[in-house]
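Here the structure is laid out as structure tokens; the discussion comes afterwards.
4 protein chains.
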Amino acid sequence: MIKAGIIGATGYAGGELVRILLGHPEVEVVWYGSKSYIEQKYADVYQNMFRLVEDVCREDDLEALAEEADVIFTATPQGYLAGILNENILSKTKVIDLSADYRIKDVDIYEAWYQIKHKSPQLIPEAVYGLCERNREQIKEARLVANPGCYPTCSFLSIYPLAARGYIDLSTLIIDAKSGTSGAGRGAKTDNLFCEVNENIKAYGVASHRHTPEMEEQLGIAAGEKVTLNFTPHLVPMNRGILITAYASLKEGVTTEQVRSAYEKEYEKERFLRLLPEGVCPQTKWVEGSNYVDVNAVCDSRTNRVIMMGAMDNLVKGAAGQAVQNMNLMFGLPEDLGLSLVPMFP
Amino acid sequence: MIKAGIIGATGYAGGELVRILLGHPEVEVVWYGSKSYIEQKYADVYQNMFRLVEDVCREDDLEALAEEADVIFTATPQGYLAGILNENILSKTKVIDLSADYRIKDVDIYEAWYQIKHKSPQLIPEAVYGLCERNREQIKEARLVANPGCYPTCSFLSIYPLAARGYIDLSTLIIDAKSGTSGAGRGAKTDNLFCEVNENIKAYGVASHRHTPEMEEQLGIAAGEKVTLNFTPHLVPMNRGILITAYASLKEGVTTEQVRSAYEKEYEKERFLRLLPEGVCPQTKWVEGSNYVDVNAVCDSRTNRVIMMGAMDNLVKGAAGQAVQNMNLMFGLPEDLGLSLVPMFP
Amino acid sequence: MIKAGIIGATGYAGGELVRILLGHPEVEVVWYGSKSYIEQKYADVYQNMFRLVEDVCREDDLEALAEEADVIFTATPQGYLAGILNENILSKTKVIDLSADYRIKDVDIYEAWYQIKHKSPQLIPEAVYGLCERNREQIKEARLVANPGCYPTCSFLSIYPLAARGYIDLSTLIIDAKSGTSGAGRGAKTDNLFCEVNENIKAYGVASHRHTPEMEEQLGIAAGEKVTLNFTPHLVPMNRGILITAYASLKEGVTTEQVRSAYEKEYEKERFLRLLPEGVCPQTKWVEGSNYVDVNAVCDSRTNRVIMMGAMDNLVKGAAGQAVQNMNLMFGLPEDLGLSLVPMFP
Amino acid sequence: MIKAGIIGATGYAGGELVRILLGHPEVEVVWYGSKSYIEQKYADVYQNMFRLVEDVCREDDLEALAEEADVIFTATPQGYLAGILNENILSKTKVIDLSADYRIKDVDIYEAWYQIKHKSPQLIPEAVYGLCERNREQIKEARLVANPGCYPTCSFLSIYPLAARGYIDLSTLIIDAKSGTSGAGRGAKTDNLFCEVNENIKAYGVASHRHTPEMEEQLGIAAGEKVTLNFTPHLVPMNRGILITAYASLKEGVTTEQVRSAYEKEYEKERFLRLLPEGVCPQTKWVEGSNYVDVNAVCDSRTNRVIMMGAMDNLVKGAAGQAVQNMNLMFGLPEDLGLSLVPMFP
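So the sequence lines, in the order shown, correspond to chains A, B, C and D. Sequential numbering from 15 applies to the first sequence in our numbering. Sequential numbering from 15 applies to the second sequence in our numbering. Sequential numbering from 15 applies to the third sequence in our numbering. Sequential numbering from 15 applies to the fourth sequence in our numbering.
Written as structure tokens, this is what we have:
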């Protein structure tokens, strides 16, 4: 059994990790880390875990945890892990970081967008960007995996087949994203109260959201060119789910058939990517609770643009599920072990 | 592998059966029956099943299905199964009926409340009321199981430990229930449109809901006396979940400790019953997607009443999950096989 | 023009007062009091008021406000007003208190349930319980009105016609209430986050909610006997609305016709009480945004109980609307001035 | 008093017309037309109107209604009004059409997108496109007003100040829209059931929604050039509200100051347009129940694009409210008479 520790186990992503790992046949959770609920029973914080988890929450002590765990998941605020991670820890245990600390290779860009001084830039080069469908082989060898952001995961996977083939003019790329409210975390803020979110929709972080450079860097690597794009997230009154609607101009001569074929070739062997039948739009509800990303694209001959769409569960493929997928790869397990989660409807 | 057929696979309870059976290691679904979607791909009706179910829907032909299946689940309108079930079918296959046709032993009461002439009353005596926690041994031997109604399941399990011990005056019993909207089914009715249900709550079927006699009969059997109660269901703007708040006067001399102890003794060995810590109220969200029923009780010394509370997922323990639990018993499998569903939060 | 000041204008009840008073032809709001947003523009806190309210928030200074205002609305935490109100203030201005400080005549009961030492018990006798339908004449003469609680308002009005006539056995009275989340206020608490409330229902304050003694006292006055009842509130995933489902045994010989007639007689001349047609259940959505209370009752001959139901908007008739109705009475204006709010559907 | 008739009074837009007209001091509704509920009490269909509307529904007889009414609102399916409207009717009464029949000047485009043969194309030239902020003077003289679509209203008003000044490259214009579910109407369709919409978001009508040509035509007229754009609507789990997020490249040399100034100049005198403070994003909740459109724009110097945002209530400014605004203009009344609706929050 793999011994797993979770730093930040009482946030929503941490809770989802627990839910998934409880059903994983090769993993045992040995450490429920929490800053806010130390010494409290985990099941008192997340009552769904009553009689399933008997442990109490322990402090977020990475050094101590490294002695006990084969793998550590960190679901912590930006900058936290970068401040405490070091070679000693990585020599003892594998780390899968759900924060943004090691996602962006260009540390200047990280520091500019996150407004944080990076405390361990020397570790960035070895960190592997944990988008399994893209970096599978490197992940298998990694000690440190940067689990991708929720928006970048869904955006990248919706756009990648066309970007990689040079089918779209990336200078025209616009990503309009919609997310459920669990993406905002479990912090007690007025803006996230039920009465403020319910019956409401708004854009936020317009032209300034910190997932932008992550998408630009990854799409740039995939396409072999510098990418600058517009990204606008919106907050939707639902618990889970991200929907991406992305727009780009097709390069001259690219046909509808080529577009469809690109997705087919890219994703036909992917366990968690579902290219929907032509004309069927992704809906977040159809992937809820699962590790799937549903994608599709529509070509508009009037404007010569393609509309690329993707839907996933932000807490699963956008956080905990993808982290477990990464863990499976890192430990030589079947990639989908413990991840055969059937989407729940309704 | 057990071959299972589903009549009414495209309703919400049928869809949930498919979701659960896909994760069951000993079952293969061989027949996706549907009245409305014959010849259509099942995954076109329930897009969450895309790439998970390749079958097309077949007509609701019970005779033909009996030749192919080891067990048939019927999630059909009231009266439908009673009109077509017969000894020949039961001699070939086991039947688990999610409708109300065989739940009520007193056929006059069935006909009075359902306003339907029962077409096969001769089969009622052998049908076992499929509340596993109560009728486990008979279910193991049954050919025909009447899967309990959603409200009766949650109500009975919330009240039973006190009723069976004679701790409450059953003539004072009032059950106030709240249900998510999936309980109303997938029929296209104006009353169930998003804009009619959302931001709204109402009582319905006041003093006339058809689950009333089912509760009365079962509580009556458990308590050894005739029970007449008030039951008021309410429609709540959420997809899943039933919450029961039940009220009764405590018999003279019954103490708070006895009340707590009754639940403890009754449920300490039950896999799917969770007696919450003292003072913690059940919430539907904490059991969503799982087969659990969370219960608790509060004694009010001012009024000498006990408030009994229970929460469950109406589509799981209230329908498909309990049906699979019954199937496990009928086939000699571990009762929780395929049912280790961790509640999803949020 | 009546000059009105609001202490606690940035809570949900305070915001609703502003919404209603903006449409009132005889009132001008001169003071937007707030503890948390002093010196900030009110419209920055409540963006719906952009271009409608230009004022900035001022501190909660009752003495200063009494110099400026003809009437003060206090939507403040329990105990706050009792600590600062005095004869001097009441000699200069009228006060309508939306907190519980002056609702309960028996100060011992107030202190026991609220766990607060009452700081100005000498003012309790002159405070009029501001349920307009019940205490209209006293309100007209009052300097200090205790605006009723949301649950007590809806409960009392649903039960009163039968309680006053001695038609029900009050020792059997049970009130099961369901409320939208705005009733929980705008404080930033984890329990009230969108993801915690959405897709969820729970009971809270079981056998201990502080609105219980208020209902008992008022129903006791109406019925001329001591009342002890069970009250269980539930939190529902919607913004607004309270639904009451109350149960009591009918006294011997009381007929269905008498029950209906009681409501008809009591409410036929009431502007804001709507007795629905027989068989139609109240729904919160049908009164949203208005000052109406919709009521109805069903007699159950099987159990000889009556189920009394009521629906209202907790922020209007349950708080701000009723406060304005009180103000109208206190200033000799038509009772419904500024309150002709048509319910908004959907 | 203006006598008003409503054809299609039992749809959501019709119901909202009734709500608004009940509060209008100069209008009396004399005809509640309905295809589905003839002879039924209107308040039985919309229970919020209990005791407010005593009328029964009448058939949709335009000829008869023209004899009785000074103005007719038609909230009917596409093609219906075009099939029955004629010069005789227009000689007797004014008509405000909430359907799309007379919105598009180019009848070929109408027929191509709506797949309907237009039955009265001779009336199109005289129909005035009823966007009050744009066509105020023509509306005052009109007999027939084509009330704009919900998406076009919000989109046009969000984009117009920049389009009219040539500040944006209209060939790059992309409109990503999000709508509450009341926009889908009150028809009983499975897709609009609570359980299908709740906890879900999807795009629909991608590259094919029928509001596209209406926007293209109106923006084209405003800009003096042919416009071809991408429009993608999304269905959001809320009752009311439309949010527009539109993207376009800024023309060379256009500054952030010019962009802000364009909105300021265009809307400073508009009663129902609110340009929010810099940096504040529109939210649908802040305009709910009102006739406001909240707009704002953000310039992104990295991509040289402007993101234009607008929020409104689809049933008010997007349907019934704008219709009443048009009526006020047509009858020489103050444009905002009966429309001083304060947004309701929460």
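Ideal placement from N, C-alpha and C gives every residue a C-beta, glycine not left out.
Note to self: Determine whether the beta carbon atoms of Gly93(D) and Ile130(D) lie at a separation below 8 Å.
What the structure shows: Position 79 of the fourth sequence, counted from the start, is the residue given in the question as residue 93(D). Position 116 of the fourth sequence, counted from the start, is the residue given in the question as residue 130(D). Result yes, Cβ atoms of Gly93(D) and Ile130(D) sit closer than 8 Å.
Note to self: To the nearest angstrom, how far is the alpha carbon of Val309(D) from that of Val338(D)?
What the structure shows: Locating residue 309(D) in the fourth sequence gives position 295, where the first residue counts as 1. Locating residue 338(D) in the fourth sequence gives position 324, where the first residue counts as 1. Distance between the alpha carbons of Val309(D) and Val338(D) is about 21 Å.
Check: Can you give the beta carbon distance from Ala191(D) to Ile258(D), rounded, assuming they're within the 8 Å contact cut?
Finding: Looking up residue 191(D) in the fourth sequence gives position 177. Looking up residue 258(D) in the fourth sequence gives position 244. That pair is a contact at about 5 Å.
Item checked: Cβ-based burial, Gly201(C) [other Cβ within 10 Å; buried from 16] -> In the third sequence, residue 201(C) corresponds to position 187, counting from 1. The residue is exposed, with fewer than 16 neighbouring Cβ atoms inside 10 Å.
Item checked: Cβ neighbour criterion (16 or more within 10 Å) applied to Ile103(C) -> In the third sequence, residue 103(C) corresponds to position 89, counting from 1. Classification for Ile103(C): buried.
Notebook entry, point to check: Excluding the five sequence neighbours on either side, which residues of its own chain have a C-beta within less than 6 Å of the C-beta of Lys133(A), listed in chain order?
Noted result: The residue labelled residue 133(A) in the question sits at position 119 within the first sequence. So the qualifying residues of the chain are Ala96 and Gly97.
Next item on the list: On a CA-only basis, which of Glu239(A), Tyr26(A), Met326(A) and Ala311(A) is nearest Phe208(C)? Give me that one, please.
Entry: As a position in the third sequence, residue 208(C) is number 194, starting the count at 1. Measuring from the Cα of Phe208(C), the nearest candidate turns out to be Tyr26(A).
Notebook entry, point to check: Can you tell me whether DSSP reads Gly324(D) as helix, strand or coil?
Noted result: Your numbering for residue 324(D) matches position 310 in the fourth sequence. The answer is strand: DSSP assigns Gly324(D) an E or B state.
Next item on the list: Starting from Val211(B), find everything on chain D with Cβ-Cβ shorter than 7 Å and list it in chain order.
Entry: Locating residue 211(B) in the second sequence gives position 197, where the first residue counts as 1. Result: Phe208.
Note to self: Using a Cβ distance threshold of 8 Å, determine whether the region 68–83 of chain C contacts the region 18–32 of chain C, with at least three qualifying pairs required.
What the structure shows: yes
Item checked: Straight-line gap, Val121(C) to Glu280(C) (C-alpha atoms, nearest Å) -> On the third sequence, residue 121(C) is found 107 positions in, with the first residue counted as 1. On the third sequence, residue 280(C) is found 266 positions in, with the first residue counted as 1. Their Cα atoms are separated by approximately 30 Å.
Notebook entry, point to check: Assuming Lys108(B) contacts Arg157(B) under a Cβ cut-off of 8 Å, what Cβ separation, rounded to an integer in Å, is found between them?
Noted result: For the purposes of this step, residue 108(B) is taken as the residue at position 94 of the second sequence. For the purposes of this step, residue 157(B) is taken as the residue at position 143 of the second sequence. Contact flag correct, Cβ pair sits at about 6 Å.
Margin query: Let's see if you can read the secondary structure: which residues bound the alpha helix (DSSP H) around Asn149(A)?
Written below: Mapped onto the first sequence, residue 149(A) falls at position 135. Run containing Asn149(A): Cys146 to Glu155, per the alpha helix (DSSP H) assignment.
Checklist line | Sheet register partners of Thr259(D) (DSSP bridge) | finding: Here the question's residue 259(D) lines up with position 245 in the fourth sequence. Paired residues: Asp190(D) and Met323(D).
Check: For the region 23–41 of chain C, which residues have a beta carbon sitting closer than 9 Å to at least one beta carbon of chain A?
Finding: Tyr26
Next item on the list: Spell out a yes or no on whether the region 296–315 of chain B and the region 45–58 of chain A are touching, meaning 3 or more CB-CB pairs, one atom from each, closer than 8 Å.
Entry: no
Next item on the list: Would you check if the distance between the CB atom of Val32(C) and the CB atom of Lys55(C) is smaller than 8 Å?
Entry: Walking along the third sequence from the start, residue 32(C) turns up at place 18. Walking along the third sequence from the start, residue 55(C) turns up at place 41. Going by C-beta atoms, Val32(C) is not nearer than 8 Å to Lys55(C).
Note to self: Assuming the contact rule is C-beta atoms closer than 8 Å, Met323(B) and Ser172(B) should be a hit. Round their C-beta distance to whole Å, please.
What the structure shows: Taking the second sequence and counting its residues from 1, the one referred to as residue 323(B) is at position 309. Taking the second sequence and counting its residues from 1, the one referred to as residue 172(B) is at position 158. Indeed, because the Cβ distance is near 6 Å, the residues count as touching under 8 Å.
Next item on the list: Grab the span of the alpha helix (DSSP H) containing Val307(B) for me, first residue to last.
Entry: Along the second sequence, read from residue 1 onward, the residue named residue 307(B) stands at position 293. Counting along the chain, Val307(B) falls outside any alpha helix (DSSP H), though it belongs to the beta strand (DSSP E) covering Val307 to Asp314.
Item checked: Strand pairing of Trp127(D), partner residues [DSSP] -> Position 113 of the fourth sequence, counted from the start, is the residue given in the question as residue 127(D). Partner(s): none; Trp127(D) has no beta bridge.
Notebook entry, point to check: Taking all protein chains shown into account, do 16 or more other C-beta atoms lie within 10 angstroms of the C-beta of Gly28(B), making it buried, or fewer, making it exposed?
Noted result: In the second sequence, counting from the first residue as 1, residue 28(B) sits at position 14. Gly28(B) is buried by the Cβ-count criterion.
Margin query: For Gly163(D) and Tyr277(A), what's the separation of their Cα atoms in angstroms?
Written below: For this step, residue 163(D) is matched to residue 149 along the fourth sequence. For this step, residue 277(A) is matched to residue 263 along the first sequence. Whole-angstrom Cα-Cα distance: 35 Å.
Item checked: Candidates Val44(B), Ala141(B) and Pro166(B), of which the one nearest Ala333(B) by Cα -> In the second sequence, the residue the question calls residue 333(B) occupies position 319. The option with the nearest alpha carbon to Ala333(B) is Pro166(B).
Margin query: Would Ser196(C) pass as an interface residue toward chain A - the criterion being a Cβ-Cβ separation below 8 Å?
Written below: Locating residue 196(C) in the third sequence gives position 182, counting from the first residue. Judged by the 8 Å Cβ criterion, Ser196(C) is in contact with chain A.
Next item on the list: Please compile the residues from chain C whose C-beta is within a distance smaller than 8 Å of the C-beta of Gln297(B).
Entry: Translated into the one-based positions of the second sequence, residue 297(B) becomes position 283. Going along chain C in sequence order, the residues near Gln297(B) (Cβ under 8 Å) are Asn214, Ile215 and Lys216.
Next item on the list: Measure the C-alpha to C-alpha separation of Thr246(C) and Ala325(C) and round it to an integer number of angstroms.
Entry: The count along the third sequence starts at 1 and reaches residue 246(C) at position 232. The count along the third sequence starts at 1 and reaches residue 325(C) at position 311. Using only the alpha carbons, I get a separation of about 16 Å.
Notebook entry, point to check: How big is the Cα-Cα spacing for Ile86(B) and Leu36(B)?
Noted result: Looking up residue 86(B) in the second sequence gives position 72. Looking up residue 36(B) in the second sequence gives position 22. Distance between the alpha carbons of Ile86(B) and Leu36(B): 15 Å.
Note to self: Strictly below 7 Å CB to CB, what residues from chain D border Val70(C)?
What the structure shows: Translated into the one-based positions of the third sequence, residue 70(C) becomes position 56. Near Val70(C) there are no residues of chain D at all, since even the closest Cβ is about 14 Å away, more than 7 Å.
Note to self: Per the DSSP calculation, Val330(B) is bridged to which residue(s)?
What the structure shows: Here residue 330(B) is taken as the residue at index 316 of the second sequence, counted from 1. According to DSSP, which records beta bridges pairwise, Val330(B) is partnered with nothing at all.
Note to self: Against chain D, does Phe286(C) count as a neighbour if the rule is that its beta carbon must be under 8 Å from one of theirs?
What the structure shows: Stepping through the third sequence from its first residue, residue 286(C) is reached at position 272. So, not an interface residue.
Next item on the list: Consult DSSP for Lys299(C) and reduce its assignment to one of helix, strand or coil.
Entry: Here residue 299(C) corresponds to residue number 285 of the third sequence, with the count starting at 1. Reduced to three states, the DSSP call for Lys299(C) is helix.
Item checked: C-beta neighbour in chain A for Tyr60(B), strict 8 Å -> Here residue 60(B) refers to the residue found at position 46 when the second sequence is read from its first residue. Yes - at least one Cβ of chain A is within 8 Å of the one on Tyr60(B).
Note to self: Mapping the DSSP letters down to three states, classify Ser48(A) as helix, strand or coil.
What the structure shows: As a first step, residue 48(A) must be located in the first sequence, where it is residue number 34. Correct three-state label for Ser48(A): coil.
Item checked: chain A contact residues for Tyr9(D), given Cβ-Cβ distances below 7 Å -> Given a span of 15 to 360 for chain D in the structure shown, any question on residue 9(D) remains unanswerable.
Check: How about Asn328(C): is its C-beta nearer than 8 Å to some C-beta of chain A?
Finding: As a working mapping, residue 328(C) is identified with position 314 in the third sequence. Output row for Asn328(C): interface = no.
Item checked: Those runs of the beta strand (DSSP E) which lie wholly inside the region 227–282 of chain C and span at least 3 residues -> 244–249 and 256–264
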